């Protein structure tokens, strides 16, 4: 039996949950790393892959051995969900959370990072294991840093995440975690029937030319609101929803509260039951709205950031993305909300309506083929080329893989591609079947530079993958582009000099790779 063939969870009449085989393997791999002396381990599972169940099962094992655990979350909705999953394993936790029952003697504490910052008693709690839900966020809070370095330096830290990337390019998960355990990739769960397949539609987008970025690397929110919260864009979003997702339970992601309210009002004006939530919405009120969406009493729910982590309404089958982001973590969190199974409502797929340009910016969730602890700018999602089904001439605006010659949504048939491929950067015409190899080699050259590798590493990786050496002409401008500057030249020369000294390479070796990148003179 494949690791993906057993149901996620089978428990009736109070029986202990049964995990999928890949979840059991993930737990076994975690324990293997612990036996090797690793104390900070990141566990990756896609949204819908059951990562919190892994944490709950590990907590059950630890409790049985007399250990004490703190399960750290950062949103109100996650407190309740975590408690429910722990209860399924027979664990009644204490809480470090305002409004929840405190039991300082319990072997498991479900803790809100916000409440922990306001209370001190937990510093005397004898924690052996700290489980960090949404670890790409919680691991970077000041409270968790205090736990790691001052309060519980000898504890084992297990991070759970479906999106192991940081927006801030200067921060790396490797700075915190020393081991990685991966579950199946999203495409594997989709292919195996444990997540539904999304369809992507790129529609009219906001003009972001005047929108800057913050120090962390994402769009400036105030400027983004001015660009996105515009009547014409909101009206267009509603029209696109009627065209592509009418009748589906829908989540809408907006820039801020005002944007969410305006989008909600636009749907209400068209007779579509809608609501919005924000960070100031009280938990009880928010939960009531979520129940209304699940019951289809409302059809559209808009929010700025409230819905990203933790919301679990499997019947949601459409998303309207109106919030652009540079963060792959935020993007894939948003996208994942609509991929869960809901057989009781007849859900078989999901529709992603992208007014934010996020799909073009970050790719399809099916493109994720590997996970790394490296920063996102060093280890990007491996993306397959895409194309747009034209809006006019009978097309519907769906985003498709480049190899698809017929749109599965509207039936539009693309013309057969010409048997040449023009590379704009170098003006060379290559065969279309070589386009992927060309892009792969250039990506590896850039990766070599960013990681301070010998550029020859890229050639050997290419040879190992394809069985032949890449043409020299494919290297030109791979790292700095065709509009390189003197500063780029000096930087690359220094990079090559350092490697040459380390590996005892001659000056001709430096000149060769300078020529390959910048095209100076003849090859040596």
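In my numbering, the protein residues as written are 520 to 1043. Where is the CB? At the ideal position from N, CA and C, for every residue including glycine. Fair warning: this is a prediction, and the values are worked out from it, not measured in the lab.
If you draw a straight line from the alpha carbon of residue i to that of residue j, how long is it in whole angstroms?
i: residue 569; j: residue 703; result: 11 Å
i: residue 941; j: residue 920; result: Legend: pLDDT at residue 941 = 42, less than 50; position of this residue unreliable, value from coordinates given subsequently. Each residue's Cα considered, the two are about 19 Å apart.
i: residue 606; j: residue 673; result: 27 Å
i: residue 1119; j: residue 743; result: The requested residue 1119 is not part of the displayed model; the chain covers only 520 to 1043.
i: residue 745; j: residue 761; result: 25 Å
i: residue 717; j: residue 623; result: 44 Å
i: residue 625; j: residue 613; result: 6 Å
i: residue 808; j: residue 756; result: 22 Å
i: residue 571; j: residue 741; result: 34 Å
i: residue 603; j: residue 1007; result: 55 Å
i: residue 799; j: residue 811; result: 19 Å
i: residue 772; j: residue 585; result: 43 Å
i: residue 676; j: residue 636; result: 19 Å
i: residue 1030; j: residue 953; result: 27 Å
i: residue 621; j: residue 775; result: 34 Å
Run the CB neighbour count on residue i, radius 10 Å, all protein chains shown included, and call it buried at 16 or more, exposed below.
i: residue 943; result: Because residue 943 carries a pLDDT of 44, less than 50, the predicted location of this residue cannot be relied on, and the following value inherits that uncertainty. Under this definition residue 943 is an exposed residue.
i: residue 929; result: exposed
i: residue 889; result: exposed
i: residue 559; result: buried
i: residue 729; result: exposed
i: residue 859; result: buried
i: residue 616; result: buried
i: residue 734; result: exposed
i: residue 1020; result: exposed
i: residue 556; result: exposed
i: residue 790; result: exposed
i: residue 641; result: buried
i: residue 655; result: buried
i: residue 1022; result: exposed
i: residue 766; result: exposed
i: residue 643; result: exposed
i: residue 493; result: A question about residue 493 goes unanswered here, because the residues of the chain that appear run from 520 up to 1043.
i: residue 547; result: exposed
i: residue 646; result: buried
According to DSSP, is residue i helix, strand or coil?
i: residue 1048; result: Outside the displayed span of the chain (520 to 1043) sits residue 1048, for which this structure offers no information.
i: residue 629; result: strand
i: residue 838; result: strand
i: residue 995; result: coil
i: residue 797; result: coil
i: residue 919; result: strand
i: residue 884; result: helix
i: residue 488; result: With the chain running from 520 to 1043 in the structure shown, residue 488 is simply not present.
i: residue 851; result: helix
i: residue 872; result: strand
i: residue 551; result: helix
i: residue 668; result: helix
i: residue 584; result: coil
i: residue 601; result: helix
i: residue 767; result: coil
i: residue 962; result: helix
i: residue 809; result: helix
i: residue 590; result: strand
i: residue 536; result: coil
i: residue 821; result: strand
i: residue 1023; result: coil
i: residue 705; result: helix
i: residue 975; result: helix
i: residue 695; result: coil
i: residue 609; result: coil
If contacts are defined as beta-carbon pairs under 8 Å, then residue i and residue j qualify, I think. What distance do you get, rounded to the angstrom?
i: residue 567; j: residue 795; result: Incorrect: roughly 24 Å between the Cβ atoms, too far for contact.
i: residue 627; j: residue 588; result: 5 Å
i: residue 836; j: residue 868; result: 7 Å
i: residue 670; j: residue 630; result: Contact flag wrong, Cβ pair sits at about 12 Å.
i: residue 561; j: residue 691; result: Rounded, the Cβ-Cβ distance is 11 Å, inconsistent with contact.
i: residue 778; j: residue 841; result: 7 Å
Just to confirm my understanding: we take residue i, look at its own chain, exclude 5 residues before and 5 after, and list those with CB closer than 8 Å. What are they?
i: residue 968; result: 974, 998, 1011, 1014
i: residue 981; result: 956, 959, 960, 963, 988, 989
i: residue 529; result: Annotation note: pLDDT 34 at residue 529 (below 50); position unreliable, coordinate value reported separately. Same-chain partners within the cutoff: 536, 537.
i: residue 731; result: 738, 739, 742
Who are the Cβ neighbours of residue i in its own chain at under 7 Å, not counting the five residues just before and after it?
i: residue 985; result: 956
i: residue 965; result: 997, 998
i: residue 864; result: 834
Which same chain residues, not among the five before or five after residue i, have their C-beta less than 6 Å away from its C-beta?
i: residue 574; result: 650, 679
i: residue 933; result: 924
i: residue 709; result: 716
i: residue 720; result: 763, 872, 916, 917
i: residue 854; result: 884
i: residue 787; result: 793
i: residue 663; result: 657
i: residue 785; result: 753, 757
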